Structure formats: structure tokens, C-alpha cells
Amino acid sequence: MLRTLAIAGYRSLRELIVPLGQLNVITGANGSGKSSVYRSLHLLAETARGGVITSLAREGGLQSTLWAGPER
0 MLRTLAIAGY
10 RSLRELIVPL
20 GQLNVITGAN
30 GSGKSSVYRS
40 LHLLAETARG
50 GVITSLAREG
60 GLQSTLWAGP
70 ER
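0 is the number of the first residue of the sequence shown in my numbering; add one for each residue after it.
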């Protein structure tokens, strides 16, 4: 089981470290990064299954996953 989620430089997330429990609920305003957290977990799962290349291609390539700066 994952105990901590750490994401840095992924999509809208500059740096995020979250301790995890058995059940975790992510809430927040529109544009706060909830979908980026979900997508990062999906990418991690695909990497563990050996499907990182396909998953990155679905995201639009490696460049589209990198942090693009604060939302304007």
C-alpha cells in the first residue's frame, strides 16, 4: 500500500507531498489540480504494469506532462 504520494513538476502540480491512509478524498476548487493528482496516480499504475510509453502517448507525449507554470 502507498503511504505517501509525492508529485513534483507534473502538469499543474509544482510540488505536492500527501500522506495517504486507507481511504483518501481529494476535494478543491476548479483548476486546483485534482485531475492532475488522479492522472499522476494513473501514470504511476501504468508504469508499474510496464505501460508507461502508451500512457505517456495518451497524455500527448512527455512534454504535455511537465509543469507549465502557474495558471493565468
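Don't be surprised by glycine CBs; every beta carbon is placed ideally from N, CA and C.
Here the structure is a predicted model, which is why all the values come from computation and not from measurement.
Secondary structure note for residue 38: it is in no beta strand (DSSP E), and the uninterrupted alpha helix (DSSP H) holding it is 33-47. With contacts defined by Cβ atoms closer than 8 Å, residue 1 and residue 32 do not form a contacting pair.
Leaving aside the five residues that flank residue 65 on each side, the residues in its chain whose CB is nearer than 7 Å to its CB run, in chain order, 8.
Looking at the backbone, the Cα of residue 60 and that of residue 53 are separated by about 9 Å. Spatial neighbours of residue 35 in its own chain (CB-CB distance under 7 Å, excluding positions within 5 residues in sequence) are listed in chain order as 9, 10, 11, 12.
Rounded to the nearest angstrom, the gap between the Cα atoms of residue 28 and residue 37 is 15 Å. Our two residues, residue 26 and residue 43, have alpha carbons roughly 21 Å apart in a direct line.
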